[in-house]
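Mapping of the sequence shown onto the numbering used here: residues 561 to 1434, in sequence order.
The structure appears right after this line, and notes come after that.
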Amino acid sequence: MGLPTLEFSDSFLDSPDFRERLKCHEIELDRTNKFIKELIKDGNMLIGALRSLSMAVQKFSQSLQDFQFECIGDAETDDEINIAQSLKEFARLLIAVEEERRRLIQNANDVLIAPLEKFRKEQIGAAKEGKKKFDKESEKYYSILEKHLNLSSKKKETLLQEADIQIDKEHQNFYDASLEYVFKVQVVQEKKKFEFVEPLLAFLQGLFTFYHEGYELAQEFTPYKQQLQFNLQNTRNNFESTRQEVERLMQRMKAAGQDYRPPSQWTMEGYLYVQEKRPLGFTWIRHYCTYDKGNKTFTMSVSETKSGGKVNGLVTSPPEMFKLKTCIRRKTDSIDKRFCFDIEVLERQGIITLQALSDANRKLWLEAMDGKEPIYTLPAIISKKEEMFLNEAGFNFVRKCIHAVETRGITILGLYRIGGVNSKVQKFMNTIFSPKSPSDMDIDMELWDNKTITSGLKNYLRCLSEPLTTFKLHKDFILAVKSDDQNYRVQAVHALVHKLPEKNREMLDILIKHLVKVSLHSQQNLMTVSNLGVIFGPTLMRAQEETVAAMMNIKFQNIVVEILIEHYEKIFHTTPDPNVPLPQAQPRSISRRTRAICLSTGSRKPKGRYTPCLADPDSDSYSSSPTSTPMGSIESLSSHSSEQNSTTKSVSPQHREKAGGISWIVVPPTSSNGQKSFSLWTTSPETSSKEDTAKTDVESDCQSVSSVTSPGNLSPPVDLTKKGPYGLSGLKRSAASSLRSIPSVEGNKSCSGSVHSLPSIDLKDTPKIPDNPDLPPKMSRRRLDTLSSNGYQRPGSVVAAKAQLFENASPCKLDSSRRQAKAMYSCKAEHSHELSFPQGAVFLNVYPSVEPGWLKATYEGKTGLVPENYVVFL
561 MGLPTLEFSD SFLDSPDFRE RLKCHEIELD RTNKFIKELI KDGNMLIGAL
611 RSLSMAVQKF SQSLQDFQFE CIGDAETDDE INIAQSLKEF ARLLIAVEEE
661 RRRLIQNAND VLIAPLEKFR KEQIGAAKEG KKKFDKESEK YYSILEKHLN
711 LSSKKKETLL QEADIQIDKE HQNFYDASLE YVFKVQVVQE KKKFEFVEPL
761 LAFLQGLFTF YHEGYELAQE FTPYKQQLQF NLQNTRNNFE STRQEVERLM
811 QRMKAAGQDY RPPSQWTMEG YLYVQEKRPL GFTWIRHYCT YDKGNKTFTM
861 SVSETKSGGK VNGLVTSPPE MFKLKTCIRR KTDSIDKRFC FDIEVLERQG
911 IITLQALSDA NRKLWLEAMD GKEPIYTLPA IISKKEEMFL NEAGFNFVRK
961 CIHAVETRGI TILGLYRIGG VNSKVQKFMN TIFSPKSPSD MDIDMELWDN
1011 KTITSGLKNY LRCLSEPLTT FKLHKDFILA VKSDDQNYRV QAVHALVHKL
1061 PEKNREMLDI LIKHLVKVSL HSQQNLMTVS NLGVIFGPTL MRAQEETVAA
1111 MMNIKFQNIV VEILIEHYEK IFHTTPDPNV PLPQAQPRSI SRRTRAICLS
1161 TGSRKPKGRY TPCLADPDSD SYSSSPTSTP MGSIESLSSH SSEQNSTTKS
1211 VSPQHREKAG GISWIVVPPT SSNGQKSFSL WTTSPETSSK EDTAKTDVES
1261 DCQSVSSVTS PGNLSPPVDL TKKGPYGLSG LKRSAASSLR SIPSVEGNKS
1311 CSGSVHSLPS IDLKDTPKIP DNPDLPPKMS RRRLDTLSSN GYQRPGSVVA
1361 AKAQLFENAS PCKLDSSRRQ AKAMYSCKAE HSHELSFPQG AVFLNVYPSV
1411 EPGWLKATYE GKTGLVPENY VVFL
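Structure representation (structure tokens):
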């Protein structure tokens, strides 16, 4: 029940019922006062907790900011750079959230505590003061009234009249106090409805503003999060493939024996114990020694293991250098120690006695120092496989394998990734390369399945006495793709390919041409360019000496193969630029990392922290930043494949014939301003066939992560089983392990596509090929429907932007003119953002979309996307 009404007329009578009703109001005011006190106390505790939380988050952010990732190797992939930079990006995001929380905490006292305290003191306090006055006047009035009524009627008339006047005055004072008190109580009860609630509303508004800011930051962070998840996924895949190679190397090192000496700048190096004189006899001190046979330089540095020393517990001293004169094995009966030999040096008088770690180790030292000991050869690390050679039989074998694959199995899922049974592959190789077999022996298509043939092809390439890229040029290829300059990578690889021996280049041409065809069917076989790079990188390239450092370069070998596939036409059928400098080894620097994914640079606008670049999916409006595109594309290993094919300059498809009767198609460049995101689904890496656990393809097959993308920019109808564009624009792009950014530059502006979504989608969501085979395929959709409209800019690749500027083949430009176009074919929309239209439809306000291969147009009052190759401009 509510509070009873207080009537002013009841104040005059001051009835018990009036007093009872007034008491109810007083109890309510007292309860409200206590509640506000408790609320203020709890509010202060909440603000204190928020302040403590903010300090803890800031400390956590600072810890993230201060940590520095270090990666193995002299260069880092774009994925590694982005991952290393991610902690700082996390810190910046948390700091941005804490900025809003700090404002909430600063305003909390003024918004919540002070108004509540003011209401309690001024309003409820005033009511209490009114009650005191009312009680005082009431007590005074009734006391005087009692005295007045006790006056005797026998008193003088004048005295009685004065008493009557006095009692009337006191009654009036009491009545006034009662009215004021009742009025004040009613005022407080009414003001309580808004003055008490308004501060709470304002505080909650500030609190929810903070939450909303966090929500918006989370929305802006979503594309970056997805990008980072791809970087992490790619890095995990590379780790799995590299780990397998390193583990195999480790096992071979175990099998090589303890005395195996890896290649180094020294003729011999290792630990030796040196005999040193002491006042009471001799002592043996462990030294790390090196010997250079060329200038006979012998160095020793004391090496002691101390638990309280450095991280690895090893403490070394500056080395001593000597010129070796002689080296003689110590006679066994002349010393009670084993494995000893003596040396003489120019810098010291007398003999230095050294103790090796074993007899075999001593033999190695004696051999290196030309000591008086029989010379022993270094133990072999690895028993080599039966070597293959680039001869006529090898060329015929490769051509026939490729013909078999292209004839019957180019669309098989996991082609080249899923290996055949080891025993069948070995039998296949023995049959083909048997001394009794002719060099042009045909492959029995019925006897050998597709997996056996593909595994045999890879096995042949792996077992060549020297890889196709040769040991001599191996380091040059690696250095070429380690360059930050995107265009230079392609040019350097182009030049290096033409430095290969004629047979090597011819074989590489045959193979890469085939891999281009395989990649064109990636929607069926899932063998995208990046997946083929992962498989054939270690097959076509390998270091002469297998070391952990060489294993770390596998990811760069994969990039070389990707470049060869994506730029096949340019690399193998054009002359390289003679002015391209050879790759030079560069010291690893930190500067590149600072240009990685610095997404939160620049002044922060309200409700948006990242530099705006793309609008929401429903709008194809475009905005560019005057600053350069941030470094760090979202590729598996590099950003080299992020650019459109610069060689495709014609507006309409042009067909030209190449050797071998294969039609080549130059695909028209897209007129897009950037690339929107696209969905994808991935499958986890699969192992080889379960029929046999030991696979010949385990060295490369298990390194691939399958991915599928929608068709790329394909021109109107092409029979993909016979024809296919070998240019970059016709290739399928890898989505799971190689997400491309497509920067396009005009003047000082750059635009880049937003990152695509990580979650999987069903195949039914992918664009369908039109029923009419005469119609050109619509461009695959690259959208992210969940992308917020607050303007997140996906980091593009600086090197890709530089390459685009350098080649300047088909820069993406904004067509400011609004043109009309006519539909050459009918089309049914597959997405809400597309337009359905009949053949002959006329479109208004046609202009390029931010989505490659699509135009923005208006038809029958509705604006949406139409395929660029379905229309002609009027």
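Where a beta carbon is used, it is the ideal one built from N, C-alpha and C, also for glycine.
Quick caveat: nothing in here was measured; it's all calculated off a predicted structure.
Cβ contact annotation for Asp1002 (same chain, cutoff 7 Å, sequence separation greater than five): Lys960, in chain order. Taking Phe568 as the centre and dropping the five residues before and after it, the same chain places the C-beta of Leu739, Val742 closer than 7 Å to its C-beta, in chain order. Per DSSP, Arg1022 has no beta-bridge partner at all.
When secondary structure is reduced to three states using DSSP, His847 falls in the strand class. In the assembly as shown, Ile845 is an exposed residue. Its beta-carbon has fewer than 16 other beta-carbons within 10 Å. Lys883 sits in a strand when the DSSP states are folded into three classes.
Here the alpha carbons of Gly608 and Leu563 stand approximately 37 Å from one another. When DSSP reads this structure, Gly608 sits in no beta bridge, so it has no partner. According to the DSSP assignment, Ile911 belongs to the beta strand (DSSP E) that extends over 911-915. For the pair Gln1051 and Asp1137, the CB atoms are nearer than the 7 Å cut-off. Between Ile970 and Lys1073 a beta carbon distance of about 13 Å is seen, past the 8 Å cut, so the two are scored as non-contacting. The three-state reading of DSSP puts Val742 in helix, counting H, G and I together. Per DSSP, the continuous beta strand (DSSP E) segment holding Trp1414 begins and ends at 1414-1419.
In chain order, Gly1093, Val1094, Gly1097, Leu1197 place their CB closer than 7 Å to the CB of Asn1118, counting only its own chain and leaving out the 5 sequence neighbours on each side. By a beta-carbon distance limit of 8 Å, Ser623 does not contact Leu788. Their separation comes to about 19 Å. Within its own chain, the residues whose Cβ lies closer than 8 Å to the Cβ of Ile962, once the five positions on either side in sequence are excluded, are Leu1017, Ile1070, Leu1071, His1074, listed in chain order.
Using a Cβ distance threshold of 7 Å, Phe770 and Arg661 count as a contacting pair. The continuous alpha helix (DSSP H) containing Leu1124 extends over residues 1114-1126. Pairing Leu1039 with Pro1141 gives a Cβ-Cβ distance that is not under 7 Å.
A distance below 7 Å separates the beta carbons of Val1426 and Ala1417. When the alpha-carbon of Leu975 is set against those of Phe578, Phe899, His1081, the nearest one is in His1081. When secondary structure is reduced to three states using DSSP, Arg908 falls in the coil class, being assigned neither helix nor strand. With fewer than 16 other Cβ atoms inside 10 Å of its own Cβ, Arg968 counts as exposed. If one requires a minimum length of 4 residues, the alpha helix (DSSP H) runs lying completely within the region 1043-1110 are 1046-1057, 1062-1080, 1082-1085, 1089-1100, in chain order.
As for any alpha helix (DSSP H) of minimum length 4 sitting wholly inside the region 628-695, the runs are 638-668, 674-678, ordered along the chain. Within the DSSP bridge table, the entry for Glu952 names no partner.
If you compare the alpha carbons of Met1067, Cys887, Glu927, Phe858 with that of Phe957, the shortest gap goes to Met1067. Rounded to the nearest whole angstrom, the C-alpha separation of Phe694 and Glu659 is 51 Å. Counting along the chain, the unbroken alpha helix (DSSP H) around Arg812 starts and ends at 757-816.
The Cβ atoms of Thr827 and Tyr851 sit closer than 7 Å to each other.
Between the region 680-699 and the region 783-802, the count of Cβ pairs shorter than 8 Å is below three; the stretches do not touch. Under the three-state reduction of DSSP, Val981 is assigned to coil, being neither helix nor strand.
Secondary structure note for Asn921: its alpha helix (DSSP H) is the uninterrupted segment 919-928.
Taking a contact to require three or more Cβ pairs closer than 8 Å, the region 1107-1115 and the region 805-815 qualify as touching. Gly1400 and Leu1007 have their C-alpha atoms some 54 Å from each other.
The beta carbon of Lys751 sits closer than 7 Å to the beta carbons of Gln683 from its chain, once the five residues preceding and following it are set aside; these are given in chain order.
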